[in-house]
Amino acid sequence: MINSFRFKSLTLFVFCLYLFWGFFGVDITINGDALRFPLHRAYILLTLLIFCFNIKEFFECSMKNSLLMILIFYMFITAAWSSRPVDTFRFVVFLFSSLAICILVALAYRDNQLRLIRWVFWLCFVLIICSIVAALQFPQYGINSTDFGTSRWIGITEHPNKLGGLSLACIWLAINLYYLSSSKLEKIVALFSIFAAFYTVIHADSMTSILASILAVCYTSYWYLLSTKSSAVKIVIFTVAFLGSLIITTVYMSTSEIVSQTLALSGRDTSLTGRTLLWANGLDALIDHPIIGSGFDDLEGLTKKYHILMSHLHNGYIEILVKGGLVAGVLVFLILMGVFIKQMALKRLGNSSFVICHTGFVSILMHNMAESSLFKGFNSLSIIFIFIMVYTSVAYYDALGKNLISKSF
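Sequential numbering of the sequence shown, starting at 1, is according to UniProt numbering.
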């Protein structure tokens, strides 16, 4: 299949700009609540420019991802009952812009996956190195010692959990690049970046990102190394893993005081740093508006009601339900199931895109058990997640086309 997409390099550059600006937060750390430099306007205009030269391809891909488009349109409609309609409009514009660049870059690099991985990997790796330098050499900017129970790294971001998200993205890309690359030097760099990212996320003390990063490494390694092994080998490995998790769970259940004291040393408690209170409030708000939700804004109305900041519920699934009700919940469920089914089809077809798309998909879904990065506009993990969904769709339909052509011969 000949790829007639125009402005490929510019598209990749703009995509990296989206990710960079989503992760970068030094200006927020320095200036506080002051308005950021509106760099997003520049790359939204660049996205529009690229779109104008690839309209046909864009709309063809959009039609194949119609549920995503319906979800965004529904988010737009929620402005009618959200507490801050202007914020809802802004949210939808940012999210649609992110979806647009994801569609464009997926189309541009549908036949050159490795180059795309390299570019995004190097962006994340450089940001990780810059974060380490910022924390070690400029702790007044790279370490937050005031807002948490203990000092936590923020690096070049403005929050430890965002640094954790950056580390997760770097580790996921690095482990896939390690297995995909044929260059020994590139493999060494990928391994070094994994250690550097783990070093960073541990100092950021973002437990959710640590667990998601471990999952990314283990799950990716499974697909590259163990997926073709015999059933006996798999049973032994899974049995050992199950017994290990059972022992850890038993220890946790029988020594709650020890766990509470250990968590307290890192500024946490067994309520997951207050997350369970947010979840309880969120579910309570869902009961008030179960069908259509409270609207896709910053939930200022709920903040006033519960006297606690509700703009970030630390659970992507609960946040979707609170903002969009069961309507959004059903749409998101159908979208996620559709992506999963297409990924399993790619596996059956032996498509090389399966592992990186599937492992990233699962890792970010796990990350959203205690963080919120699903359909969040200029949130970089959200952009990566949307890209994974779109690229899965592009790879799936391309693979189907190739399969039909091969059968015809």
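We put the beta carbon where it would ideally sit given N, CA and C, even for glycine.
CA-CA distance, A399 to L104, rounds to 18 Å. Closest in alpha carbon position to K402, among I128, L346 and A216, is L346.
A straight-line Cα-Cα distance of about 32 Å links S213 and A285.
Of the other Cβ atoms in all chains shown, fewer than 16 fall within 10 Å of the Cβ of T150; this residue is therefore exposed.
Assignment of W223 by DSSP, reduced to helix, strand and coil, places it in the helix class.
According to DSSP, R90 shares a beta bridge with no other residue.
Around the beta carbon of P290, a 10 Å sphere encloses fewer than 16 other beta carbons of the protein chains shown; the residue is thus reported as exposed. Shown here, W122 sits in a helix according to DSSP, grouped into three states. Counting only runs of 3 or more residues that sit fully inside the region 336 to 379, no beta strand (DSSP E) segment turns up.
A Cβ-Cβ separation of about 7 Å places R110 in contact with A395 under the 8 Å criterion. The continuous alpha helix (DSSP H) containing I72 extends over residues S66 to I77. Y179: member of the alpha helix (DSSP H) spanning P160 to L180, first to last residue. At a Cβ-Cβ threshold of 9 Å, I320 and F387 do not count as neighbours.
Nearest to C124 by C-alpha distance, out of D288, P38, L163 and T359, is L163. Between T359 and A216 the beta-carbon gap is near 6 Å, inside 8 Å, which marks them as a contact. In the structure shown, W153 adopts extended strand secondary structure according to DSSP, grouped into three states. For the pair of segments examined, the region 34 to 42 was found not to touch the region 130 to 140: the number of CB pairs separated by less than 8 Å stays below three. One Cα belongs to L278, the other to H314, and the distance between them is close to 8 Å. Spatial neighbours of W21 in its own chain (CB-CB distance under 6 Å, excluding positions within 5 residues in sequence) are listed in chain order as L39.
Taking the C-beta atoms as reference points, R84 is found nearer than 9 Å to E300. With a cutoff of 9 Å on beta-carbon distance, S98 and N161 are scored as not near each other. Membership of I44 in the alpha helix (DSSP H) is indicated by the continuous run L39 to C52.
In this structure, the straight-line span from the alpha carbon of N368 to that of G377 is close to 15 Å.
Per DSSP, A204 is one residue of the alpha helix (DSSP H) stretching across K184 to A204. Residue range R275 to D288 is occupied by the alpha helix (DSSP H) that includes R275. Leaving aside the five residues that flank L17 on each side, the residues in its chain whose CB is nearer than 6 Å to its CB run, in chain order, Y43. Remark: three or more beta-carbon pairs, one from each stretch, lie closer than 8 Å, so the region 169 to 178 and the region 191 to 198 are flagged as touching. For F7, there is no enclosing alpha helix (DSSP H), as DSSP marks it with neither H nor E. For G301, the enclosing alpha helix (DSSP H) starts and ends at E300 to Y306. T392 and V332 do not touch by the CB rule: their CB atoms are close to 15 Å apart, not below 8 Å. For T29, the enclosing alpha helix (DSSP H) begins and ends at V26 to N31. By the neighbour-count criterion, in which a residue is buried when 16 or more other Cβ atoms sit within 10 angstroms of its Cβ, K56 is exposed.
Under the three-state reduction of DSSP, I55 is assigned to helix. The C-alpha of S294 lies about 43 Å from the C-alpha of N3. Approximately 6 Å separates the beta-carbon atoms of S209 and G165; this is inside 8 Å, confirming the contact. Relative to the Cα of I175, the nearest Cα in the group F198, H159 and I156 belongs to F198.
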